[in-house]
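*Asks:*
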Amino acid sequence: MFLTAMAELGVSFPLTYSERDMGVLLDADGEELLTIDSSGSMPDDTVSLIAANIVMTLNNAAGFVAIAAVVSLQGGSAE
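The numbering of the sequence shown is the numbering used here, which starts it at 379 and goes up by one.
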């Protein structure tokens, strides 16, 4: 039902996040869906963690098995 509703809105799954543009979520067609922290005021690691978790949650809701990237806020790097 969720996947059908999102398809009707023009969103194709699975989602991913841009490796080129920090905080930009993309649909399966590479179309920009959402930008996290468009002002650039948050630390990159925080933006990466938020993006990974939103992608994981929405992909899971759409029926895909998704595992979030692990981002260490204390270590300062994404794994």
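By construction, the Cβ of each residue, glycine as well, lies at the ideal position given by its N, Cα and C atoms.
Quick check on DSSP: helix, strand or coil for L403?
*Replies:* Taking the first residue of the sequence shown as 1, we reach residue 403 at position 25. Looking at L403 - three-state DSSP - the assignment turns out to be strand.
*Asks:* Give the single residue among E386, V389, Y395 whose Cα lies nearest to the Cα of L427.
*Replies:* The count along the sequence shown starts at 1 and reaches residue 427 at position 49. Selected option, being the one with the closest Cα: Y395.
*Asks:* Per DSSP, what are the beta-bridge partners of L387 in this structure?
*Replies:* Working through the sequence shown from its first residue, we reach residue 387 at position 9. Beta-bridge pairing links L387 to no other residue.
*Asks:* Give the DSSP-derived three-state secondary structure of L393 in the structure shown.
*Replies:* Counted from its first residue, the sequence shown places residue 393 at position 15. Coil, per DSSP.
*Asks:* What does the alpha-carbon distance come out to for the pair S390 and N438?
*Replies:* Here residue 390 refers to the residue found at position 12 when the sequence shown is read from its first residue. Here residue 438 refers to the residue found at position 60 when the sequence shown is read from its first residue. The straight-line gap from Cα to Cα measures roughly 13 Å.
*Asks:* Here's the rule: buried if 16 or more other CB atoms are within 10 angstroms of the residue's CB, otherwise exposed. What is V443?
*Replies:* Numbered from its first residue, the sequence shown carries residue 443 at position 65. It counts as exposed.
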